[in-house]
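Asker:
There are 2 protein chains.
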Amino acid sequence: MLEKVRIVLVNTTHPGNIGGVARAMKNMGLDDLCLVSPKEFPSEVADARASGALDILENARVVSGLEEALADCQLAVGTSARERHIPWPLVNPREMASIVVPSPQKTAIVFGREDRGLTNEELQLCHHHVNIPSVEGFSSLNIAAAVQVIAYELRMEQLKLEANQKGGSDRPSWGTDWDIELADHAELERLFDHLEETLIKIEFLDPENPRQLMPRMRRLLMRAVPDKVEVNVLRGVLKAVQKKLLG
Amino acid sequence: MLEKVRIVLVNTTHPGNIGGVARAMKNMGLDDLCLVSPKEFPSEVADARASGALDILENARVVSGLEEALADCQLAVGTSARERHIPWPLVNPREMASIVVPSPQKTAIVFGREDRGLTNEELQLCHHHVNIPSVEGFSSLNIAAAVQVIAYELRMEQLKLEANQKGGSDRPSWGTDWDIELADHAELERLFDHLEETLIKIEFLDPENPRQLMPRMRRLLMRAVPDKVEVNVLRGVLKAVQKKLLG
Chain C
1 MLEKVRIVLV NTTHPGNIGG VARAMKNMGL DDLCLVSPKE FPSEVADARA
51 SGALDILENA RVVSGLEEAL ADCQLAVGTS ARERHIPWPL VNPREMASIV
101 VPSPQKTAIV FGREDRGLTN EELQLCHHHV NIPSVEGFSS LNIAAAVQVI
151 AYELRMEQLK LEANQKGGSD RPSWGTDWDI ELADHAELER LFDHLEETLI
201 KIEFLDPENP RQLMPRMRRL LMRAVPDKVE VNVLRGVLKA VQKKLLG
Chain W
1 MLEKVRIVLV NTTHPGNIGG VARAMKNMGL DDLCLVSPKE FPSEVADARA
51 SGALDILENA RVVSGLEEAL ADCQLAVGTS ARERHIPWPL VNPREMASIV
101 VPSPQKTAIV FGREDRGLTN EELQLCHHHV NIPSVEGFSS LNIAAAVQVI
151 AYELRMEQLK LEANQKGGSD RPSWGTDWDI ELADHAELER LFDHLEETLI
201 KIEFLDPENP RQLMPRMRRL LMRAVPDKVE VNVLRGVLKA VQKKLLG
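Chains as they are written, first to last, in the UniProt record's numbering: chain C, 1 to 247; chain W, 1 to 247.
Have a look at this one:
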């Protein structure tokens, strides 16, 4: 069940941390690691800290941008400190696991830079934000330690589900099975691009003064976790608006 | 509540691990560290990895035997791999936290050597054994990562107790407080009426053959449970579309 979970590290500075992350992942049964522009990789320091999880490092994919790392994922969770400008669905690691593990969605969990985490723009690519409830005033965990906590909660949830399945309860979360595949990251981004373009054309969005309009739109639609048909319907609406304006 | 918890490390080889443990402790609100015959301490490597948790290292007590570290404790928990010669009360980290945090007893949680953990004799000094449920075949966590998981569970339990004492959960479920009231039923219905009217005007919705378009739109937006501002923004968009078409 955890094969669908990808750990994404953005702009990691210290290769030792990448090794520590690989070890933490392997201990908890995760194996899909994606590195967005790491400062130094591959690295002997990473190999040493991985302490036997070399297969994870060897199979890690290195990409140049977060969007590429997320492209085939249907659910993205960003790790975050508490304060952010606009409220976004925020969960603790346990709640995160209860969302991620039972779902069939390809999921990315995104960790930011050692010194300053993820940017607001990066966080807005994510459906949920997860916060490890550290103490105020000393809140920044080492990145490998943060991955360890997240991976631990995923494994605890998986073990719980396995135990439940043996005992029978397998509660459906919708009235019927959701029969349509969820939209992936790339489809959602095309939708948001199309929406932004249309809002500019109808002069609702002023590109000189965009305010929080697109973040609000993203937040609203991502909360709903749209499926592929829903995204197509919305894009059909946008196309119809643009056609009317030109025609 | 966590002041009564002491972290005890037995014969740690790598000073970097001691630093990592100090950081993990401080992140989660623990501050009592006791080192049983560490190989190298104090150490600059430990200080560097502690990344700001120097106070924990400075106040750490170094002793020569585990018994001395446990002397003033009323409860001792030893971290352990699964197989042991004689059965002993074995808990997972969550169960451990639910035992330790509510109790008034001075408690030590004991972590063994990097390469081979605690001896059977050391484990038998402990009331409970705690096991982090890692995967078979790659079960040894880095010691700082193990302390992070244990300390995280202690903190989660403490936050749960605090919330219960306040008489309800006040954990924030959003990155900041959701400051805007949710839309009520009537506002949502006006939004859907406005949307339907607009979709007809742009000739996306055929009133003679509406198919499942409006139910899909409803389902999508209601899943997101929009607030009043979000509903107003959406209605602003619809108004802008209609104005463009007429103007």
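Just so you know, even glycine gets a beta-carbon here, dropped at the ideal spot from N, CA and C.
Return no unless some Cβ of chain W is closer than 8 Å to the Cβ of C/GLN124.
Answerer: no
Asker: Measure the alpha-carbon distance for C/LEU154 versus C/ASN92 and round it to whole angstroms.
Answerer: Their Cα atoms are separated by approximately 12 Å.
Asker: Of the residues W/GLN74, W/ASP32, W/GLY117, which one's Cα is nearest the Cα of W/ARG61?
Answerer: W/ASP32
Asker: Per DSSP, what are the beta-bridge partners of C/PRO38 in this structure?
Answerer: Answer is none; C/PRO38 lacks a bridge partner.
Asker: Are there 16 or more other CB atoms within 10 angstroms of the CB of W/VAL225, so buried, or fewer, so exposed?
Answerer: exposed
Asker: So, C/VAL10 versus C/PHE111, is the Cβ gap smaller than 8 Å?
Answerer: Taking a C-beta distance under 8 Å as the contact criterion, C/VAL10 and C/PHE111 qualify as a contact pair.
Asker: Of all the residues that make up the stretch 223-235 of chain W, which are near chain B by a beta-carbon distance shorter than 7 Å?
Answerer: Protein chains in the displayed structure are C and W, and chain B is not among them.
Asker: In this structure, how does DSSP classify C/ARG116 when only helix, strand and coil are distinguished?
Answerer: Annotated three-state conformation of C/ARG116 is coil, per DSSP.
Asker: Determine the extent of the alpha helix (DSSP H) in which W/HIS128 is found, giving its start and end residues.
Answerer: No alpha helix (DSSP H) contains W/HIS128, which is instead part of the beta strand (DSSP E) from 128-130.
Asker: Below 7 Å on C-beta distance, what does W/GLU203 contact in chain C?
Answerer: Correct list: ALA240.
Asker: Would W/GLU122 be called buried (16 or more neighbouring beta carbons within 10 Å of its own) or exposed?
Answerer: buried
Asker: Verify the CB distance criterion: does W/GLY52 have a CB-CB separation below 8 Å to chain C?
Answerer: Yes, contact with chain C.
Asker: Mark C/LYS166 as exposed unless 16 or more other C-beta atoms lie within 10 angstroms of its C-beta, in which case mark it buried.
Answerer: In summary, C/LYS166 is exposed, with fewer than 16 beta-carbon neighbours lying within 10 Å of its beta-carbon over all protein chains present.
Asker: Going by CA-CA distance only, name the one from W/LEU141, W/SER140, W/LEU66, W/GLN148 that's closest to W/ALA108.
Answerer: W/LEU66
Asker: Which residues mark the beginning and the end of the beta strand (DSSP E) in which C/THR107 is found?
Answerer: 107-111
Asker: If we define contact as Cβ-Cβ less than 8 Å, is W/SER103 a contact residue for chain C?
Answerer: no
Asker: Leaving out the 5 sequence neighbours to the left and right, which residues in its chain are closer than 6 Å to C/ALA71 when beta-carbon positions are compared?
Answerer: HIS185, ALA186
Asker: How big is the Cα-Cα spacing for C/ALA240 and C/MET222?
Answerer: 22 Å
Asker: Considering W/VAL149, what are the terminal residues of the alpha helix (DSSP H) in which it resides?
Answerer: 143-166
Asker: Under 7 Å between beta-carbons, which chain C residues line up against W/ILE200? List them in chain order, please.
Answerer: Within chain C, no residue comes near W/ILE200; the closest Cβ sits about 11 Å away, beyond 7 Å.
Asker: Name the DSSP bridge partner or partners of C/VAL62?
Answerer: Per DSSP, C/LEU35.
Asker: List the residues of chain W that C/PRO133 touches, going by C-beta distances under 9 Å, in chain order.
Answerer: From the beta-carbon of C/PRO133, the residues of chain W found nearer than 9 Å are MET28, TYR152, ARG155, MET156, LEU159, ARG171.
Asker: Which residues mark the beginning and the end of the beta strand (DSSP E) in which W/ALA76 is found?
Answerer: 75-79
Asker: Among W/VAL5, W/LYS4, W/LEU2, W/ALA24, which one has its Cα closest to the Cα of W/ALA144?
Answerer: W/ALA24
Asker: DSSP three-state call for C/ILE18: helix, strand or coil?
Answerer: helix
Asker: Can you tell me which of C/VAL21, C/PRO104, C/SER98 puts its alpha carbon nearest to the alpha carbon of C/VAL130?
Answerer: When C-alpha distances from C/VAL130 are compared across C/VAL21, C/PRO104, C/SER98, the shortest belongs to C/SER98.
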